[in-house]
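Numbering (full-length UniProt numbering), first residue to last: 1 to 106. A virtual CB, placed ideally from N, CA and C, is assigned to each residue, including glycine.
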């Protein structure tokens, strides 16, 4: 179970993670107002590793990297095919943000 407060900044109170787990250090290193997506991704990744967790079963249905249509996985050539420089620029920024977060924490 995951509890999220309604008042800003949104705070996560994950009931699925034992207190003192290292994932809390990663979550707490993020900004709750701007990094909600990264915080949620950390919780989802953690839950995939928990035996018999509901989200683990959900993860079995997610597409593989080759099947995923997310622009976060787009190559530079694919971004050029968009013919939308503003969108391509925003995607590059998000790709860089995700890569930096990954390098910093894993």
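- Contiguous beta strand (DSSP E) assignments of at least 3 residues, all confined to the region 44–101: none
- Item | Range covered by the alpha helix (DSSP H) that runs through residue 25 | 23–28
- Local conformation of residue 106 per DSSP, three classes: coil
- Query: Taking C-alpha atoms, which residue in 89, 103, 23 and 97 lies nearest to residue 47?
  - Reply: 23
- Message: Between the alpha carbons of residue 70 and residue 20, how many angstroms are there, rounded?
- Response: 33 Å
- With 16 other Cβ atoms within 10 Å as the buried cut-off, status of residue 27: buried
- Burial state of residue 42 (16 or more Cβ within 10 Å): buried
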